[in-house]
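The structure appears below as C-alpha cells.
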Amino acid sequence: MDKTGDSFQLDAASRQNPCAGCGGLPALPAQPVGGGAGFAEWFDSLPTMAAGRDLRELVAAIVAARAAHRPVHLSLGAPVVEAGVGPVLADLVERGIVTAVSVNGEYLWRELALAAAGFTGSPAAADRDIGAALAAMLEAAQQDDGGLGRAATTYLGTQSLSYARYSVLASCHRYRVPVTVHGAPPQSDSVAIPSAVAARDFARLTELAGESAGGAHLNIGDPVGLPKVFRRALDAARRAGREARGLICADLESAAPSRPPDDPGPTAAGGREIRLIGHHEILVPLLAAALVHRLWDPAEDE
C-alpha cells in the first residue's frame with residue numbers, strides 16, 4: 026500500500042500481506058454499514074490497515090492469550106481515571122480478561138478521590154481525607170508482605186465507599202486480581218512510602234513479569250514512569266531465568282510515546298509492540314467492547 030499525504034493506493038503487494046488479526050483479510054479501507062448494524066458488524070467494517078489493523082491485531086492477541094490461559098496485565102496512569110473509563114476496566118477484571126494491574130501513585134490518589142467523593146479534582150479538604158486514607162494503607166502495607174498494591178485494593182474493596190463501583194482497584198479486590206503501586210502521589214509530600222513497601226510492590230511486579238510469556242501488557246495513561254518500571258521488572262525476571270517470551274505490549278496513549286531508537290522495548294524476546302494513539306475515553310471502551318464481544322459467554326450476563 027502506497028500512502029502519500031491523506032491518500033492511499035491498494036496494490037497487489039498489500040493484498041498479499043494479510044492482517045494477522047483480521048481473519049486473513051488483505052489491507053482494505055473501512056466499509057460502510059447500515060443503520061441497523063450491531064457492534065460486531067461495525068467492528069468488522071473497520072479498515073484492515075494502519076490503526077485499524079493494529080487494533081484488530083491487539084484484540085486478536087489478547088483473545089489468544091486468554092484462550093491459552095496466559096496473563097493480561099494493565100499498567101494505568103492518572104489520565105485513565107480522568108477519562109471516566111474505570112467501570113469499563115473493572116468489567117474486564119470481573120470477566121477474567123484482565124489478570125493483573127499496576128498503577129502509579131497519581132492514579133491511586135485520583136481513584137481514591139473518585140471512589141470516596143465522586144470526583145477526581147483535588148480540593149484541600151479532599152486532599153486531607155485522601156492523605157489520611159493513604160497513610161492508613163501504608164500502615165497496613167508495613168504489617169504484611171503484600172505491598173501498597175494489596176493494601177490499596179483491600180481499603181477500596183472493604184470501606185463501603187460511595188462510588189466504589191467506579192474503582193478498578195476495588196474490583197481487583199473482589200476478584201483477587203493482584204495489584205502493584207509504583208511511585209508516590211505528588212500530593213503526598215507528607216506521606217512517604219517506605220522503601221521496604223516499595224520493594225515489595227516491585228518484587229510482586231517482577232513475579233508477574235516473569236509469568237508473562239505468551240501474554241499481553243497494556244500501558245494506558247503513563248508514557249514514561251510505568252513503562253520503565255515494567256521494563257526493569259521484566260529485565261529482573263529474565264536475569265532470574267524467566268524468559269517471558271512472546272509478550273505482546275501495547276501503548277494506548279493520547280500522544281506518541283518517546284523511546285530511544287536503540288531501545289527494543291520489553292518485546293525483545295520474541296514479542297511485539299502495538300501503539301494506538303487517541304483519546305482514552307474512546308479507545309478504552311472500544312477495545313473493551315471488542316474483547317468482550319470476542320470472548321463473550323452469554324452465561325456471564327444472565
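For this note's numbering, count along the sequence shown from 1 and bump the result up by 25.
Built from N, CA and C at the ideal position, the CB exists for glycine as well.
As the structure is a computational prediction, the values presented were derived from the model and not from experiment.
Got a sec? Which residues, its chain only, sit under 8 Å from residue i by beta carbon, not counting five neighbours each side?
| i | result |
| --- | --- |
| ALA165 | ALA176, THR179, TYR180 |
| ASP226 | GLY172, LEU173, GLY174, THR205, VAL206, HIS207 |
| VAL111 | The residue you asked about is not Val; residue 111 is Gly in the sequence shown. Same-chain partners within the cutoff: VAL105, GLU136, LEU139, TYR191, SER192, VAL193. |
| LEU163 | LEU173, ALA176, VAL216, ILE218, PRO219, VAL222 |
| GLN167 | PRO219, ALA221, VAL222 |
By the 10 Å Cβ neighbour count, where 16 or more other Cβ atoms means buried, how is residue i classified, buried or exposed?
| i | result |
| --- | --- |
| THR183 | exposed |
| GLU82 | buried |
| ARG94 | Residue identity differs from the one stated: residue 94 is His in this sequence, not Arg. It is exposed - the Cβ of HIS94 has fewer than 16 other Cβ atoms within 10 Å. |
| THR29 | Reliability fails at THR29, whose pLDDT of 45 lies under 50, so the model's placement of it is uncertain and the value that follows must be treated cautiously. Exposed. |
| PHE23 | Nothing in the structure corresponds to residue 23, since the chain is present only between 26 and 327. |
| ARG78 | buried |
| VAL113 | buried |
| PRO286 | No answer about PRO286 holds up, because its pLDDT of 44 lies below 50 and its placement is not dependable. |
| ALA313 | buried |
| HIS329 | Since the first residue of the chain shown is 26 and the last is 327, residue 329 is not available in this structure. |
| HIS305 | buried |
| ALA86 | buried |
| ALA275 | buried |
| PRO289 | Confidence at PRO289 is low in this model, with a pLDDT of 49, below 50, so its placement is unreliable and the value that follows should be read with caution. Label assigned to PRO289: exposed. |
| VAL249 | exposed |
| GLY296 | buried |
| ALA38 | A caution first: ALA38 carries a pLDDT of 46, below 50, which makes its placement in the model unreliable, though a value can still be read off. ALA38 should be labelled exposed. |
| ALA158 | buried |
Check the C-beta distance from residue i over to residue j and give it rounded, since I have them as a contact under 8 Å.
| i | j | result |
| --- | --- | --- |
| ALA223 | ILE273 | With a Cβ gap of about 28 Å, ALA223 and ILE273 do not count as contacting. |
| LEU71 | ALA52 | About 12 Å; that fails the 8 Å criterion. |
| GLY102 | ASP247 | 3 Å |
| VAL84 | ALA315 | 5 Å |
| LEU133 | PRO210 | 6 Å |
| SER187 | GLY130 | Wrong, their Cβ atoms sit about 23 Å apart, outside the cutoff. |
Taking 8 Å as the cut-off, decide whether the C-beta atoms of residue i and residue j are in contact.
| i | j | result |
| --- | --- | --- |
| VAL123 | ARG319 | no |
| ALA234 | PHE255 | yes |
| SER100 | LEU311 | no |
| SER185 | ALA115 | no |
| VAL58 | ALA125 | no |
| ALA238 | GLY271 | yes |
By Cβ distance, which residues of its chain are closer than 6 Å to residue i, with the 5 residues on each side in sequence left out?
| i | result |
| --- | --- |
| ALA195 | LEU181, GLY182, ALA189 |
| LEU277 | ILE245, LEU301, LEU308 |
| ALA258 | LEU230, THR231, ALA234 |
| LEU243 | LEU99, ALA275 |
| PHE328 | Here the chain comprises residues numbered 26 to 327, so residue 328 is not present and cannot be evaluated. |
Return the chain-ordered list of same chain residues with a C-beta closer than 7 Å to the C-beta of residue i, the five sequence neighbours on each side being excluded.
| i | result |
| --- | --- |
| ARG91 | VAL97, ILE122, LEU320 |
| ALA262 | THR231, ALA234, GLY235, ALA269 |
| THR145 | VAL106, GLU107, ARG135, ALA138, LEU139 |
| TYR200 | VAL118, GLU119 |
Self-check item: Validate contact between the segment 130-145 and the segment 104-114 using beta carbons, cut 8 Å, 3 pairs
Solution: yes
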